[in-house]
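All residue numbers for the sequence shown refer to the numbering used here, where the first residue is 7 and numbers rise by one.
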Amino acid sequence: MTGTATRYLYLARHGEASPDESGLTDTGRRQATLLGRRLRDVPITSFHHGPLPRAAQTAHLIADELENVTPRVSEIAGDYVPHVPQRSELPADAADFYLRFLAATDEEERERGAELARRALRRFTGPVTDGAEDRHELVVTHNFLVAWLVRDAMHAPKWRWLGLDHGNAALTVIRYPPGRAASVAVSNDMRHLPAELRWTGLPAEAHV
């Protein structure tokens, strides 16, 4: 179906989680609140979040800073492995590293993750096809799904979600205009966070 308006997809990884992942740290709560303030002027039309506590708590802290926006839990915004590549899909010099990283993922997890990833693409991507108004949709999720959707927007191969890391409460925005390819308008943006709250959730070598 031909697109009729532009979808703006706002993706945010949850705030910093406690070591047992039962919720957010004080840092994570501050990150979430500041992200909510960053989004105050965005005309959010829908708001989804993953079911795990760290995503749900982040979403509700963001919602506290917004008006007339209700976050809704969504299984497809959860934490899962979206695609497990075969060795032949991977660059030869990186294959061992990535396959070790994914080795603990069992067959059930792989099948479930692949199905959720397909559903996420159907639900969250592409231009608007059932109306004339632009839509601004917010999804609070986890690193893997942000990477999967960025990879798709860039028309990169399925394995390329691997190695795309996103900071806690960082913002990524993908634009889906009618009649044109998707574009990543903002990626891993942390400007709403003061220096001491940035870079959590990223490998040490990524800190600048």
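The beta-carbon is built from N, C-alpha and C at its ideal position, and this holds for glycine as well.
Residue burial classification, residue i (beta-carbon count within 10 angstroms, cutoff 16)
i	result
residue 147	buried
residue 174	buried
residue 55	buried
residue 53	buried
residue 197	exposed
residue 161	exposed
residue 126	buried
residue 119	buried
residue 159	buried
residue 61	buried
residue 109	exposed
residue 34	buried
Backbone CA spacing between residue i and residue j [nearest angstrom]
i	j	result
residue 20	residue 200	17 Å
residue 97	residue 48	39 Å
residue 105	residue 41	34 Å
residue 191	residue 116	30 Å
residue 185	residue 138	14 Å
residue 31	residue 176	16 Å
residue 149	residue 171	6 Å
residue 179	residue 15	6 Å
residue 73	residue 43	11 Å
residue 93	residue 107	13 Å
residue 18	residue 113	28 Å
residue 210	residue 45	27 Å
residue 66	residue 77	7 Å
residue 141	residue 164	26 Å
residue 193	residue 90	24 Å
residue 70	residue 128	29 Å
CB contact flag (residue i, residue j, <8 Å)
i	j	result
residue 9	residue 134	yes
residue 130	residue 143	yes
residue 50	residue 75	yes
residue 87	residue 111	yes
residue 203	residue 36	yes
residue 153	residue 167	yes
For residue j and residue i, believed in contact at Cβ under 8 Å, the rounded distance
i	j	result
residue 207	residue 27	The Cβ separation is near 12 Å, so there is no contact.
residue 64	residue 183	Contact flag wrong, Cβ pair sits at about 28 Å.
residue 84	residue 57	6 Å
residue 38	residue 68	6 Å
| task | At 4 residues or longer, and completely inside the segment 126-176: list those alpha helix (DSSP H) runs for me, N to C. | result | With a minimum length of 4 residues, the unbroken runs of alpha helix (DSSP H) contained wholly in the segment 126-176 fall at 149-159.
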